[in-house]
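Our numbering runs 385 ahead of the 1-based position in the sequence shown.
Everything on this sheet refers to the single structure shown next.
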Amino acid sequence: MQNLPTEDRPSTKILEDLIQVRKRLVAIEGSDEPFIKKLKPLLKKDFFLSHALIKFLNYENDYGIKFPDEDELEEEDPVLF
């Protein structure tokens with residue numbers, strides 16, 4: 386994975402998506418109507434992309450971080466606020 390140019394790495398593409406989601410979150414939070422129905426889907430996507438980014442960076446750079454099983458992760462409801 387180290388041989389790929391930075392712009393072609395999966396982590397770079399996930400980071401770009403994460404930046405776009407966070408920009409939309411900031412825009413909604415700063416608007417006159419920061420309703421939960423607008424925020425909640427973006428917060429879920431933000432959580433998923435953040436988790437995926439950490440996993441890809443761990444794989445690409447061989448950090449050796451051990452993650453819990455996906456089943457354990459699904460059982461816990463993420464605290465968004």
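Note that beta-carbon positions come from the ideal geometry of N, C-alpha and C, so glycine has one too.
Because the structure is a prediction, the values reported are computed rather than measured.
Query	Result
Proximity winner among Asn388, Tyr444 and Leu434, relative to Glu401 (alpha-carbon distances)	Leu434
7 Å Cβ cutoff met for Lys430 and Val406	yes
Nonlocal neighbours in the same chain, by C-beta distance under 8 Å from Thr397, ignoring five residues either side	Thr391
Proximity below 7 Å, CB of Leu424 to CB of Ile439	no
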